[in-house]
Structures are given as structure tokens and as C-alpha cells.
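Just so you know, the protein sequences line up as chains A and B, in that order.
Okay, so the first sequence: first residue is 6 according to this note's numbering, each after it adds one.
Okay, so the second sequence: first residue is 501 according to this note's numbering, each after it adds one.
Where is the CB? At the ideal position from N, CA and C, for every residue including glycine.
Only a predicted model underlies this, so the values are computations on that prediction, with no experimental measurement involved.
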Amino acid sequence: MTKIFFPKIKATITNYQLLSAILCTFILALTIDSQVFAQGTTPTDDEVNKIAKQLYCPVCESTPLDVCPTEACRQWRDLIREMLTQGKSETEIKQYFVEHYGPQVLNEPPNRLVTYIVPIAAFLLGAFMLFRGFQAWKKPIATQSALMEKARADDRKNGRKGISPIQDPYIAKLEEELKKRS
Amino acid sequence: MIANLGYGILTVTFLVTLYSAFAAIYGESKKIPAMVESARRAMLLTWPLLTLTAAILIYLLVNNHFEVQFVYEVTSRSMPTYLKVTAWWGGQAGSLLFWSWLMSAFASLVTLRKWDRDREFLPWVIFVACITMSFFIGMNVFFENPFAQLYQNQTTAAIAPHTFQPANSILYIAPDGRGLNPLLRHPGMVIHPPMLYLGFVSFVMPYAFAIAALITGRTDDRWIRLTRRWALWAWLFLSFGLVLGGRWAYDVLGWGGYWGWDPVEIAAFMPWLTGTAFLHSVMIQEKRGMLKHWNMLLIILTYDLVIFGTFLTRSGVLSSVHAFAQSAIGPLFMGFVSLTLMGSVALIIYRWDSLKAETEMTSLLSREALFLLNNLMFISILVVCFWGVIFPLISELFTGQKVTVGPPFYERATGPLFAALMLLMGIAPLSAWGHSTVRTLGRAIWKPTVVAVVITVAIFLTYTHNVYALIGFFLVAFVILVTLYEYWRGANARQKTQKENIFTALWNLTARNRRRYGGYIIHLSMMLMAIGILGIELFQVETQGTLEINQQTSVGGYDVIYQDIARFPGPDGREVTRAVVSVYKGSEYLGELHPRIDYYFDAQQTMTIPGQRSTLKDDIYVLLVNWEPASATGATFKIYINPLVNWLWLGSLLFLVGIVIAAWPEKDPEPVTVRASRTVQQTSAAD
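What follows is the structure, given as C-alpha cells:
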């Protein structure tokens, strides 16, 4: 019994390993990118799917190319295999698909910044509004604290002991509301 | 003939809903109670009328009336009867009727409640419900008639659907139908759409009450108290519909996952987000008399996202596996969404002053402040989803460039927001309404935090070094510990004060405050789901290759041996190609799996059904990708190892338990909550 293909592990790696892997891949890509498959080695299905996963079926929208069961997609996967055999890199293959079928074959818009800027701006705006809301809500409490502080100062000045009615939070609140109405 | 009868009843129902809507407001404005009562009875009548219409459609579907266009499009002679019935919601026209039918059930039900204390709401609730229904029924009457029949022009021989027989034409009866989309021929499809639609339509009721409150000026929290159970049930149906959709995708779509960030999935997810935010934020209004504008806005958004979601699925504006066809109803849906949104927001502005908060925020760490942060996260996720869905349309409109916004965008943009939500889910139950300080919160939080850190270190040492996974597992552990701690704290208090044993204490604790402790069970279930999501998203392993008979491949610690394959005719007009593979883990034989490809002759479409073996640790999920009988190169298989995914399904079952507890009707009359905040006193966390 022979093992004919190997699993592709998605993410059981640390960031450090990831960085090293990216660097190694980059160096390898520079040196042997066009040699690996040029020697006639047939790329495995996993190598084809790795690229197909990042592409969307140009016909049946919302379906990634690696899982699309249609005959057209099977042919596109064969095309990826053929291009890999010819020694084309992942970027070149993706570029080929974009040129032939438009940017909608990519699983993300080419200009990523535009996609991310609106949600980030909305979040920041929401956070800012909430922050302002908190400040506005806290103001009456600040007024109330100032009132209580003033009452304590008055008590000290007049030599009174015990709790002044204004130090009672309920009365303080009542006083404040009466002031608003007057 | 019978199709014409169906169309006739549908048209009558449309007129009844219009009559009901306008009689209600006319009766209200002219102070004629009999008129309002007449409107109420008219609304009560919509359900029997639509049930009759639906029964006629089902009769046509089950009895192969292929002269009816809808029947011709969604059924075929070879389909089993139960699928012919569920084909009702398997196409555009039928699913719109299904929506209206469910809506009418809720509308009729709401007319039967006791209105004595809320008589002033009644005309406006009738108005909103009936206008919504008349819009949907109007779609069927004028644009998507499920009873339209096929007629052949005697001169040109052209066949076209018509509501009424055109001159110089004869009825055309096709020998067989095209059959239901094979993707929809699955038991999951029997329950998934009804659940989702139930969730959609039941959110209309809280909206109707909110609008009634705005119009009548009775803007206290009465409308919330009247509708919170509606909202919980609506949320139950919507949530369960989403989960069932995920399970259906996992079992049927053959991509090894449960959620693909497809625009139509997102369309159903968006009202869920605002609905969930609403369920949390209404508590602030109930306890503290705050956020009245915000709650109104959330329920309005939920309602309009429901309509928008239906528009996305029905109009075909976004092509996906769910969208049936391009249709003329798109602009009308957009018009309806815009009108209702603008009208509702105008009403909020009109009532702005009477919706002012009764108390102020006293602490940034109070429960209400944390709930507000929770709302910020939900709304931010909503913005991500909404933007992701409409961005391709905007791009095409303004730059002419078609683009796809796929899972990487959603995963990156929502990941941190979901993490923040989990953190809040852990902290908020420990904070107090009204007032919390760093010291009080810190005192409650440090124990669960320490234990969660210990668990995370154990996971680091034994399972994974992945940073994202460790953050995720820490948050899961933290939330679970806090929730269990809250349960223990409550039960312990009851044990001491009521002298109950631990089980009775837990039971009574939950029974006395169903919404709170049902909510905690929901939090726990969400964390079980999070374990499943972390597992499949971060640790999924896959491989694909072609095997000869008796050849083996290995993936994720499993050995899979290809044993046999056969092709044979199956029921329901399909040809089945079924492989047999044996699965081993080391030397242990685990059993056989049967991945298969079904080819449906009527729809000329294939389905890839996986062979699965599930455990709590992981799923092995084998797909037969390709097999050509003439070829000698063997069969191609794709194998996924999906770690921890079963926790997702377990979590959804626990979720169901939690929400049923939370939404179960109370026997006793509603207790009157006195707002402690009015005296600016510090309240305890155990409210």
C-alpha cells in the first residue's frame, strides 16, 4: 500500500514559524519556482487546490473553484495543473485568470484598502459616538458630585456634623431635578 | 380551473389585507370602534384564506398539474410526495406565498390576544402587519403568480405563462416537470426555510408594536414588555434556521464546511445581528429607562433587514446558490424597504423628546455600559456584512469592475469583533446595573481569569501553539467559567437562604428568572459553538488524490483505503455512484464510509454527498470527487479532517434548550420592576 499524497495543514503554526515559512517560500520561489514542475513532475491535487481555493468559479458565483463540481471548473482546475507543470507561479496563474475572466475570480477585491476602510471607519465612528454619549451621560453625575462636595464644604464651614440631606444621593438627585424644573 | 380558484382566493386575501389596514386607521381616526373591530376580524381572516390558497397550491404540486408554470418548474413525476409538498418554498412564487402564509398566522394569532390594556395599539399593529402582508401578497398577485398556467399560441406555437387564457391559445400540459433543484431535495430543506421564514416574519410583530408606540405616543417600555417574548421566539426561529442551514450545507453542499459567507447566508445573518443587539439593549430600557431611541432604531433595522434579506434572496440581484431567478420585483422591494425605513425613522424624530432617557449612565463599567459596547460590536459586524454584500454592486456601478468579496474579508474583519463580543460576554454578567468600579469588577473577575489562563497554558502545552486559537480558547474558557460561576453563586445563595439542595436550588434559580438563566445557557451554548468554529477554521486538514482499489492514503492520523465502487439507479430519478472506503486509525478499524455522487436526470445536476464519521474530537469527511467507469486510473477522493466541529452542533442543541427556557411563557403576571436607578443607588449584580 503506497501513500500517494500528503495532507495540507492549514494552521497549527506559530507566527514565528509562519514568518520563517514565508521567508523560505520567498527564497525558494526566487530560486526554484520555475524549475519544480518544468522537469515533468505532475503537480498533486493538493497543489492545484491550494491555488483553486483562492479563486472563484467564473460561472457559478459564490463558489470557490476547488469545490465547484461543474465540468467547466474541472477544466479550470486542469488548466491550473497544466500551468503548474509549465512552471508558472501562483501569482502568474492568478493573474492569468484575472486577465481572462475579470477580477471577480479573486476571492477578494484587488484593491483591499477600499473594502476595509468603510467597516473600520464605521467602527471608529460608532466608538467615538459611544464615547461622546458616555461623556454626556456622565455630566449630570458630575454635577451631582459637585453638589455633594459643595454641601460637605458648607457643613465643614458651618461646623455641622453628620450627613447633610444633600449628601443623600436620592435627595441630591431630587434637588437637581427641582433645579432643572425651576 | 382549480388554479384559477387559487388565484381568486389570493386576490381576495390581498383585498382583505388592504381593507383591514385602512379600516383600522380610518376607525381609529374617526373614533369608530366597530370599524377597528372589523379590521381586526379581517386580519384574523387572512390566515384561513391563505391556508386555503396554500392547500390548492399543494394539491396542484402533489398531483402533477404541469399546466401550472410553478408546478412544472419545481416538481417532476419521480419526486416523492413529501418533496412535492416542500417544493412549495423551492421556487420564487411559492416561497413568497409561504412567507405571507406564515406572516398571516402570526397576524391572526396576535388579533386573538387580550387587547384590554393596550387597545390604542391595536389599529396601528393591524395597519403595520396588514401593509406588510399586502406587499408580499401583492407580489404574488401582480408579479409572481404561483397559479399562472402555460398556454400555447395556436399560430406561433410559442408557450408562455399567463394568469388568464389569452386569445387564440390552448392550455399546454407538459408531460413532466423540470424537478426541484437537487440541492433542495434534502430533509434539512424541509425544516431550514420554514424556521428562517418564521424568524423573519415573527420579527414583524415587535416592529408593529414599536411603530404603534411611536404613533400613539405611548413610548414607555410597554411595547417592549408586550413584545419581548415575540422577539425571543423570533430570535429562536431565526437562529435555529441559520444553524439548520449550516448543517444542511455541511451535509449536502460538499465543501467540507458549514458557512461560506455567501451573500444569501449573510442576508439571513444581518437581521439576526440586529435582533441579538435588540434583545440585549431592551434590558437597559427595562431596567434603567435608557436607550429608547436606540431600541426603536434596532427593531426598525431588524424589520427592514428582514425585508432586505428577502429581497436579496428573491430578486436574484446577487447570484448565488440560493437566488432563483432574475426578477422584476427587485425595485419594488427596494422601494418598500426605503419607504418603511424613512417613515419609521421620521416617526422616531417626531417622538424624539418623549423617548429621552429617564436616568443617566453612572459608570463606564456598569452592565448597561458594557451592553452598549456589545451593541457597538454587533452593529460593527453588521456593517462588515452589509458592506461586504453591497460592495460588489457599488464597485460595478461606479467603476464597472466586477469583484468578489469572499470569506477572507469577512473572517479578518469580523474576527476581532467576535473576540471582543466574547470578552464582553465574560465580563458583563459580573458587572452591576447602575454602578461598577474597577475594584468591584476586578474582585469578581480574577478567579475565573486565573483558571482560564491555567486552561490556556494546558492547551498550549498539549494541543496547539497557534496564537489565534489560544486567544479563542482562553475566551471560551473565561466565558464558560464566568457563566458557571454565576450559576454557582445564585444556587449557593438559594441553598443558604432557602435551605434547598443543590439541584433544587439550580432548578428554582432558573425557573425564577428564566430570561437571565436561559440567557446564560445561551452564552454557554455559544461557547460550545465557538469551540467547533475554532476547530474547523484553524485546524481543518484536507487532501485530495486519485486512488486505485485497495490503495491507501493518510490524513490527520487517519488511514483511508478505497475498497469498491458501484453505479446504480436510485429513487427520486437519480443515478447513484457510491464508493466504499475503510477508515483506520493506526491499527484500529473504525468502519466503512460511503461517499457518493448523485446525478439527477430531470434537473441534469449532480450532488456530492460526503461519507462522514463524527466524534467529539473530529470528523472525517470523505468526498467522491470523480470516477469515470471507463477509466482505469481509479477514483478521486477529497478528504477533510474537521477537528471539534461536533461541538458546533452540540452547542446548537444546548442553544435551543436555553432559548426555550428564556422564552417560555410565564405563569404569573409580570412583576413590576421598580427602577432602583431612580434613586441613584448602587444595585447589585444579582438583580
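Listed by chain order, chain A residues near residue i by CB distance under 7 Å
i                         : result
leucine 876 of chain B    : Gly131, Ala132, Leu135
aspartate 762 of chain B  : Ser67
alanine 913 of chain B    : Tyr121, Pro124
leucine 872 of chain B    : Leu135
tryptophan 887 of chain B : Val123, Pro124
Amino acids of chain B, ordered along the chain, whose beta-carbon sits closer than 9 Å to that of residue i
i                       : result
aspartate 51 of chain A : Glu1042, Thr1043, Gln1044, Gly1045
alanine 2 of chain A    : Coverage of chain A is limited to positions 6 through 187, which leaves residue 2 of chain A absent and any answer about it impossible.
Residue span of the beta strand (DSSP E) that contains residue i, given as start and end
i                             : result
tyrosine 963 of chain B       : Note, tyrosine 963 of chain B: premise wrong, no beta strand (DSSP E); not H, not E.
methionine 1107 of chain B    : 1105-1109
serine 1082 of chain B        : 1074-1085
lysine 93 of chain A          : No beta strand (DSSP E) holds lysine 93 of chain A; DSSP gives it neither H nor E.
asparagine 1126 of chain B    : 1118-1126
phenylalanine 1068 of chain B : 1058-1070
leucine 660 of chain B        : Going by the sequence as given, residue 660 of chain B is alanine instead of leucine. From DSSP, the beta strand (DSSP E) with alanine 660 of chain B extends over 659-662.
phenylalanine 1137 of chain B : 1135-1143
glycine 1045 of chain B       : 1041-1047
asparagine 1050 of chain B    : It is not in any beta strand (DSSP E) - asparagine 1050 of chain B carries neither H nor E in the DSSP assignment.
asparagine 54 of chain A      : No beta strand (DSSP E) contains asparagine 54 of chain A, which is instead part of the alpha helix (DSSP H) from 50-57.
leucine 650 of chain B        : 649-653
glutamate 528 of chain B      : Not the beta strand (DSSP E): glutamate 528 of chain B falls in the alpha helix (DSSP H), residues 502-529.
leucine 1090 of chain B       : 1088-1093
From the options, residue whose alpha carbon lies closest to that of residue i
i                          : options                                    : result
serine 1054 of chain B     : B/Gln665, B/Phe1137, B/Gly745, B/Val568    : B/Phe1137
isoleucine 927 of chain B  : B/Ala958, B/Ile879, B/Leu897, B/Leu870     : B/Leu870
isoleucine 673 of chain B  : B/Tyr1100, B/Asp751, B/Pro661, B/Trp794    : B/Pro661
leucine 1116 of chain B    : B/Val1122, B/Asn1142, B/Asn875             : B/Asn1142
glutamate 896 of chain B   : A/Pro114, A/Cys78, A/Phe102                : A/Pro114
glycine 703 of chain B     : B/Ser669, B/Leu561, B/Gly775               : This sequence places phenylalanine at residue 703 of chain B; glycine is not what is there. Checked all of B/Ser669, B/Leu561, B/Gly775; the closest Cα to phenylalanine 703 of chain B is B/Gly775.
lysine 947 of chain B      : B/Ile959, B/Gly590, B/Val982               : B/Val982
asparagine 1008 of chain B : B/Arg1015, B/Glu644, B/Ile784, B/Ala991    : B/Ala991
leucine 791 of chain B     : B/Ile829, B/Gln1051, B/Ile724              : B/Ile724
glutamine 592 of chain B   : B/Ile1159, B/Leu680, B/Ala1163             : B/Leu680
isoleucine 1139 of chain B : B/Ile1159, B/Ala1162, B/Gly1111, B/Leu1154 : B/Gly1111
valine 976 of chain B      : B/Val954, B/Val512, B/Ser529, B/Ser576     : B/Val954
leucine 797 of chain B     : B/Leu855, B/Asn563, B/Val903, B/Thr813     : B/Leu855
isoleucine 766 of chain B  : B/Thr1108, B/Gly677, B/Phe808              : B/Phe808
arginine 729 of chain B    : B/Val764, B/Leu779, B/Pro763, B/Gly745     : B/Leu779
serine 634 of chain B      : B/Arg613, B/Ile659, B/Leu597               : B/Leu597
Partner residues on chain A for residue i, Cβ-Cβ distance less than 8 Å
i                            : result
proline 907 of chain B       : Asn112
serine 1087 of chain B       : The premise fails here: serine 1087 of chain B is roughly 13 Å from chain A at the closest Cβ pair, so nothing lies under 8 Å.
serine 880 of chain B        : Pro124, Ala127, Phe128, Gly131
phenylalanine 811 of chain B : By Cβ distance, chain A contributes nothing, its closest Cβ being about 17 Å from phenylalanine 811 of chain B, past 8 Å.
valine 979 of chain B        : Near valine 979 of chain B there are no residues of chain A at all, since even the closest Cβ is about 22 Å away, more than 8 Å.
threonine 1108 of chain B    : Pro74
alanine 1079 of chain B      : None at all; the shortest Cβ gap to chain A is about 15 Å.
Contacts that residue i makes with chain B (C-beta to C-beta distance below 8 Å)
i                      : result
glycine 107 of chain A : Gln901, Lys902
Enclosing alpha helix (DSSP H) for residue i [first to last residue]
i                         : result
arginine 678 of chain B   : Element bounds for arginine 678 of chain B: n/a, residue is neither H nor E.
alanine 919 of chain B    : 907-927
serine 838 of chain B     : 830-850
isoleucine 894 of chain B : 867-899
serine 669 of chain B     : Segment 669-671 is the beta strand (DSSP E) holding serine 669 of chain B; no alpha helix (DSSP H) there.
Contacts that residue i makes with chain A (C-beta to C-beta distance below 9 Å)
i                            : result
glycine 754 of chain B       : Val72, Pro74
phenylalanine 891 of chain B : Pro114, Val119, Thr120, Val123
alanine 768 of chain B       : Result: empty, since nearest Cβ-Cβ is about 14 Å, beyond 9 Å.
Chain-ordered neighbours of residue i on chain B, where CB pairs are closer than 7 Å
i                      : result
tyrosine 61 of chain A : Thr904, Gly906
The ligand ATP heavy atom lying under 7 Å from the CB of residue i
i                       : result
leucine 1024 of chain B : This structure lacks the ligand ATP; in fact it carries no ligand of any kind.
Contact set between residue i and chain C, taken where Cβ atoms lie within less than 8 Å
i                      : result
alanine 869 of chain B : Annotation note: the requested chain C is absent from the structure, which comprises protein chains A and B.
Does the stretch 905-917 of chain B come within contact of the stretch 927-945 of chain B, defined as at least 3 CB pairs closer than 8 Å?
no
Indicate whether the contact test is met: 3 or more Cβ pairs, each with one atom in the stretch 743-760 of chain B and one in the stretch 65-78 of chain A, closer than 8 Å. yes
Quiz item: On the three-pair Cβ rule with 8 Å, is the stretch 574-581 of chain B touching the stretch 603-621 of chain B?
Solution: no
Okay, do the stretch 878-897 of chain B and the stretch 120-135 of chain A touch, 3+ Cβ pairs below 8 Å being the bar?
-> yes
Is the stretch 515-528 of chain B touching the stretch 541-552 of chain B in the sense that three or more CB pairs, one from each, lie closer than 8 Å? yes
- Fully enclosed by the stretch 705-750 of chain B, which alpha helix (DSSP H) runs are 4 residues long or longer? 722-748
Q. Are the stretch 633-649 of chain B and the stretch 729-740 of chain B touching by the rule of at least three beta carbon pairs closer than 8 Å?
A. no
Below 8 Å, how does it come out for the stretch 1014-1021 of chain B and the stretch 1149-1165 of chain B: are there three or more Cβ pairs, yes or no? yes
### Query
Contact between the stretch 680-693 of chain B and the stretch 780-788 of chain B: three or more CB pairs below 8 Å?
no
Inset, instruction - Could you say if the stretch 625-634 of chain B and the stretch 709-720 of chain B meet the contact criterion of at least three C-beta pairs nearer than 8 Å? - result: yes
message: Taking 8 Å as the cut-off, does the stretch 1097-1104 of chain B touch the stretch 1067-1077 of chain B (at least 3 CB pairs, one atom from each stretch)?
response: yes
**Request:** Assess, as a yes-or-no matter, whether the stretch 68-87 of chain A is touched by the stretch 47-58 of chain A under the definition of 3 or more beta carbon pairs within less than 8 Å.
**Result:** yes
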